[in-house]
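Note that the working numbering has the sequence shown beginning at 550, numbered continuously upward.
C-beta atoms are modelled at their ideal positions from N, C-alpha and C, and glycine is treated no differently.
Let me begin by presenting the structure, written as structure tokens, before commenting on it.
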Amino acid sequence: MAGPTTSGMACVALLRGINVGGKNIIRMEALRASFEAMGFGSVRTLIASGNVVFRAARAESRKLEASIEKVLARDHGYEGKVVVRNLGEYARMMRAIPPGWGGEKGRRYYVLFLRHAIDRASLVGELEVNAGVEEVRYVPGALLWSARLDGLTQSKMSKVMGKPIYGEMTVRNLNTTRKILELLRQGG
Numbered sequence: 550m551a552g553p554t555t556s557g558m559a560c561v562a563l564l565r566g567i568n569v570g571g572k573n574i575i576r577m578e579a580l581r582a583s584f585e586a587m588g589f590g591s592v593r594t595l596i597a598s599g600n601v602v603f604r605a606a607r608a609e610s611r612k613l614e615a616s617i618e619k620v621l622a623r624d625h626g627y628e629g630k631v632v633v634r635n636l637g638e639y640a641r642m643m644r645a646i647p648p649g650w651g652g653e654k655g656r657r658y659y660v661l662f663l664r665h666a667i668d669r670a671s672l673v674g675e676l677e678v679n680a681g682v683e684e685v686r687y688v689p690g691a692l693l694w695s696a697r698l699d700g701l702t703q704s705k706m707s708k709v710m711g712k713p714i715y716g717e718m719t720v721r722n723l724n725t726t727r728k729i730l731e732l733l734r735q736g737g
């Protein structure tokens, strides 16, 4: 295989459920090595929860998801799903976040990244929310979920964990989501 690419498109792979609760443990240096072995360049990880920024010669997210999942299963026994977004897709999603979302004190803010198979605005209507406590919005590529800190125990969004669609998304807090964009803009 050729060496890692130094050109191409900046992308992020968001791994679902690694290093959480003692399951799917993957060291970040081993994860980076797997991505470099796939020929990706400028590989960087952000915190140990499965955020890998890299450069890819081709930036077709769906194809990258499948090939990355296959290699991670082989190298690490990881059977989870991966969401890949290139810089353009990620930046469009971030621009779609309403101004001021994430700025209200006393609330938690999360971005639920959607795999392509479930990426649709109608998904919001399929979820149960407690309107006085939380809010869910759709932007292309993600759901935005915010909840009052004093009402987290009354959230109904936890019910999504029992639905098949839960396996097709991965969650990041808003601060991590913003840091990923910074890394993407730096080129990996």
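Delimiting residues of the alpha helix (DSSP H) encompassing residue i
i	result
G521	Lying before the first or after the last residue shown, residue 521 is absent from the chain, which here runs from 550 to 737.
R576	Where R576 is concerned, there is no enclosing alpha helix (DSSP H), given that its DSSP letter is neither H nor E.
Sequence-distant residues of its chain with Cβ nearer than 7 Å to residue i (five each side left out)
i	result
G651	Y658 and L723
M550	Per-residue confidence for M550 stands at a pLDDT of 45, beneath the threshold of 50, marking its modelled position as unreliable; the derived number appears in the next sentence. Hits under 7 Å: G588.
L661	A691, L692, W694, M718 and V720
N573	G566, I567, Y627 and G629
V709	L676 and Y715
S704	N679, V682, E683 and A696
G736	A559, S591 and R604
Opening and closing residue of the beta strand (DSSP E) in which residue i lies
i	result
F662	R656 to L663
F603	N600 to A605
M718	M718 to N722
S704	Segment: none, S704 is in no beta strand (DSSP E) and carries neither H nor E.
S591	G590 to L595
Identity of the residue in the options nearest residue i by Cα
i	options	result
I667	R581, A597, P713 and L595	P713
F603	E628, A582 and M643	A582
G674	R686, L663, G681 and R664	R686
R664	I646, G588, E614 and N568	E614
R656	T726, P647 and R697	R697
G590	A691, E684, R727 and M558	M558
G599	K572, N568 and G700	N568
R734	G637, E653 and A645	G637
T702	G690, L693, N679 and R721	N679
Y639	A606, M706, V709 and C560	C560
P647	L595, L693, M718 and T719	L693
T725	L595, K572 and A645	L595
G711	E677, G700, I575 and V688	E677
A654	Y715, G681, R727 and D699	The identity of residue 654 in the sequence shown is Lys, whereas the question assumes Ala. When each option's Cα is compared against that of K654, the closest is D699.
V682	S707, L672 and P689	S707
L672	E578, G649, Y715 and G570	Y715
Beta-carbon proximity list for residue i, same chain, < 6 Å, skipping 5 on both sides
i	result
E618	V631
M643	L730
E684	S695
A670	Y687
Integer Cβ distance of residue i from residue j, believed to fall under 8 Å
i	j	result
S610	R634	6 Å
G626	R565	Actually they do not touch by this definition, with Cβ atoms about 15 Å apart.
R721	L580	16 Å between Cβ atoms; not a contact.
R641	P689	7 Å
Any non-hydrogen atom of the ligand ZN within 7 Å of residue i CB
i	result
L613	This structure lacks the ligand ZN, and indeed carries no ligand of any kind.
Contact set for residue i: own chain, Cβ-Cβ below 8 Å, skip 5 residues either direction
i	result
V620	S583, A586 and M587
Runs of alpha helix (DSSP H) lying entirely within the segment 622-700, each at least 4 residues, in chain order | The alpha helix (DSSP H) runs of length 4 or more contained entirely in the segment 622-700 are, from start to end of the chain, 636-645.
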